[in-house]
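Take a look at the structure below.
Protein chains: 2
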Amino acid sequence: MSTKTQHSKRQPGVRTKLFVADETIGVGKINLLAMVGEVGSISKAARQMNMSYRRAKFLLDSMQTGFESPLLHSQRGGTEQGGAQLTRLGEELIKRYKAHAVRVEEHSTEILAWMESVQALASVRKEDL
Amino acid sequence: MSTKTQHSKRQPGVRTKLFVADETIGVGKINLLAMVGEVGSISKAARQMNMSYRRAKFLLDSMQTGFESPLLHSQRGGTEQGGAQLTRLGEELIKRYKAHAVRVEEHSTEILAWMESVQALASVRKEDL
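Chains A and B are the protein sequences, given in the same order. Using my numbering, read the first sequence as starting at 1 and increasing by one per residue. Using my numbering, read the second sequence as starting at 1 and increasing by one per residue.
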């Protein structure tokens, strides 16, 4: 936890969510999928992201329901917990989501500047109550 | 409920969420605020949107915490339930959010087309289980 200046404003922000089939895909699921790709296993990725294996598995499974083909391949077996690798589709999803998020961010400067000018100043006070 | 064609795909979609102070503002809250402005009362707006007055009031109050000045003015008193009117800030928020959502939509054609090409076809089947 970092110490906060009493009068600091948080910067207003913007996020983009995608809807595909019955699924919702936002930055949280994308970051998890990317972490799996990075560390090569669901359980390691879960640990890195401070969530349970169950939760990570649930999020990845629910993300998968939006797509016709697999986002990742798991290898089970051996004494180690099975590894997991992104498929080309999984990698493409991450790349495209990130590019899209950057584009949204680029087109958000106007509303973010306006929101900064009208936002509540007292967000820090709440935590002191 | 409308009948669905078995093989119909849902169109992939995109939504944009704003973060201001500790608050999150998405299309649901914006539509509620706009409805209050249209019908001139929180309770009527709640009814129109099929939610309880409590729920509507909670959403509006939580949206308000993001802003330094009021988004709407309520008039209480009389025999009728008090009316509510948007302030200039409330109106500007709606206008700016909608313009921003259109801009995001305009820059989403590429990822939406891609998602349509890779999405699961079976979203209808789920409901038949």
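Positions of the beta carbon are idealized from the N, C-alpha and C atoms, including for glycine.
**Report entry** Proximal residues to Gln85 of chain A (C-beta, below 7 Å), its chain only, five neighbours per side dropped
**Finding:** Translated into the one-based positions of the first sequence, residue 85 of chain A becomes position 85. So the list reads Gly40, Leu72 and His73, once near-sequence residues are dropped.
Query raised in the report: Since Leu18 of chain A meets chain B, which of its residues come closer than 9 Å, beta carbon to beta carbon?
Result: Within the first sequence, residue 18 of chain A is the residue found at index 18, counting from 1. Within chain B, the residues near Leu18 of chain A are Pro12, Gly13, Val14, Arg15, Ser108, Ile111, Leu112 and Met115.
Query raised in the report: Exposed or buried, Gln119 of chain B, counting other C-beta atoms within 10 Å across all chains shown (16 or more means buried)?
Result: Locating residue 119 of chain B in the second sequence gives position 119, where the first residue counts as 1. Classification for Gln119 of chain B: buried.
Report task. Measure the CB-CB distance between Ile30 of chain B and Leu18 of chain A and report whether it falls below 8 Å. Result -> Start at 1 with the first residue of the second sequence, and residue 30 of chain B comes out as number 30. Start at 1 with the first residue of the first sequence, and residue 18 of chain A comes out as number 18. The beta carbons of Ile30 of chain B and Leu18 of chain A sit no closer together than 8 Å.
Report task. List the DSSP bridge partners of Ala84 of chain A. Result -> Translated into the one-based positions of the first sequence, residue 84 of chain A becomes position 84. Answer by DSSP bridge pairing, in chain order: A:Ser74.
Query - Limits of the beta strand (DSSP E) - the one that Arg15 of chain B falls within - result: Taking the first residue of the second sequence as 1, we reach residue 15 of chain B at position 15. Element bounds for Arg15 of chain B: Gly13 to Val20.
Query - 8 Å Cβ cutoff, Phe67 of chain A in contact with chain B - result: Taking the first sequence and counting its residues from 1, the one referred to as residue 67 of chain A is at position 67. Output row for Phe67 of chain A: interface = yes.
Requested in this report: Measure the alpha-carbon distance for Gln11 of chain B versus Thr24 of chain A and round it to whole angstroms.
Outcome: Position 11 of the second sequence, counted from the first residue, corresponds to residue 11 of chain B. Position 24 of the first sequence, counted from the first residue, corresponds to residue 24 of chain A. Gln11 of chain B and Thr24 of chain A have their C-alpha atoms spaced approximately 13 Å apart.
Requested in this report: Take Gln48 of chain B as the anchor and find which of B:Ser62, B:Asp61, B:Leu33 and B:Phe58 has the nearest alpha-carbon.
Outcome: Your numbering for residue 48 of chain B matches position 48 in the second sequence. Ranked by Cα distance from Gln48 of chain B, the first of B:Ser62, B:Asp61, B:Leu33 and B:Phe58 is B:Leu33.
Query raised in the report: With a CB to CB cut of under 7 Å and the five nearest residues on each side skipped, what residues in its chain are close to Thr79 of chain B?
Result: Locating residue 79 of chain B in the second sequence gives position 79, where the first residue counts as 1. Confidence in Thr79 of chain B is poor, its pLDDT being 48 and thus under 50, which makes the residue's placement too unreliable to answer from.
**Report entry** For Thr24 of chain B, three-class secondary structure by DSSP
**Finding:** In the second sequence, the residue the question calls residue 24 of chain B occupies position 24. Secondary structure of Thr24 of chain B (DSSP, three-state): strand.
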